[in-house]
Amino acid sequence: MLIHPWDAAVDADEWRSWLRTRDFGLLAANGAQGGPPVVVPTHFLLDAGSGEEIVLHLARPNPIWAALEANPTVVMSVHDDYAFIPSTWRADSPGTGVPTSYYASVQLTCTARIVDDKEGKADILRRQLAHHEPDGGYGVVAADEGPYRKMLSAIRGLRLEVMGVRAKFKYDSHKPVELRERVAAALAERDLPGDAGARAHQLRRMGTQ
Numbered sequence: 401m402l403i404h405p406w407d408a409a410v411d412a413d414e415w416r417s418w419l420r421t422r423d424f425g426l427l428a429a430n431g432a433q434g435g436p437p438v439v440v441p442t443h444f445l446l447d448a449g450s451g452e453e454i455v456l457h458l459a460r461p462n463p464i465w466a467a468l469e470a471n472p473t474v475v476m477s478v479h480d481d482y483a484f485i486p487s488t489w490r491a492d493s494p495g496t497g498v499p500t501s502y503y504a505s506v507q508l509t510c511t512a513r514i515v516d517d518k519e520g521k522a523d524i525l526r527r528q529l530a531h532h533e534p535d536g537g538y539g540v541v542a543a544d545e546g547p548y549r550k551m552l553s554a555i556r557g558l559r560l561e562v563m564g565v566r567a568k569f570k571y572d573s574h575k576p577v578e579l580r581e582r583v584a585a586a587l588a589e590r591d592l593p594g595d596a597g598a599r600a601h602q603l604r605r606m607g608t609q
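In my numbering, the protein residues as written are 401 to 609.
Have a look at this one:
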């Protein structure tokens, strides 16, 4: 991912704050034996405190396991708040504008550790369920009791140690304020999915929100 200086996260707090409300991404691993990369859409849980570990689980037949056993280095990629910006919105005069894409993206490079013991998998499930279903309502999650214990053999857990982070917030931060205000107004008027999020970043990065 190309990150120009003006698109880079201001600091770790910016990308951490953004990622705190997002828990679905693409887990990518190098293909085994020269095969193509394996890319898995999945929910995940980033440690809310340190931000240094991701936990998740996947079905045992998932093709990513062979790739991880060959090379445990992976990337968890998350993107959101994207919008296409037409050339006319960025034009100083008719016919001079260049279109672009607005988006936020965080890519976490990690070292993967596969979890196969039942208690380890149950711990991951407990943490994920507590995050995704904070009101409860699910059964006991344990290796030796509850409704899920017999299902643990059908999954494998993953603990991903975060080794590096690349974060990008591409919202014309290097352009004049007048252009960014014009684009923000146009996003509000168009109001397609993603436009509100993109506009919020545009205004936040201008210091008006």
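Even glycine gets a Cβ: it sits at the ideal position worked out from N, Cα and C.
Buried is the label assigned to residue 425, since at least 16 other Cβ atoms lie within 10 Å of its Cβ. In the structure shown, residue 518 adopts helical secondary structure according to DSSP, grouped into three states. The Cβ neighbour count for residue 551, taken over all protein chains shown within 10 Å, is under 16; the residue is labelled exposed. Restricting attention to 446, 441 and 549, the CA atom closest to the CA of residue 531 is found in 446.
Around the CB of residue 406, fewer than 16 other CB atoms lie within 10 Å, so the residue is classed as exposed. Non-local C-beta neighbours of residue 586 in its own chain, meaning closer than 7 Å and more than five positions away in sequence, comprise 489, ordered along the chain. Under the 10 Å beta carbon count, residue 557 is surrounded by 16 or more other beta carbons and is classified as buried. Judged by DSSP secondary structure, residue 404 falls outside any alpha helix (DSSP H); it is assigned neither H nor E.
When only Cα atoms are considered, residue 579 and residue 416 end up about 28 Å apart.
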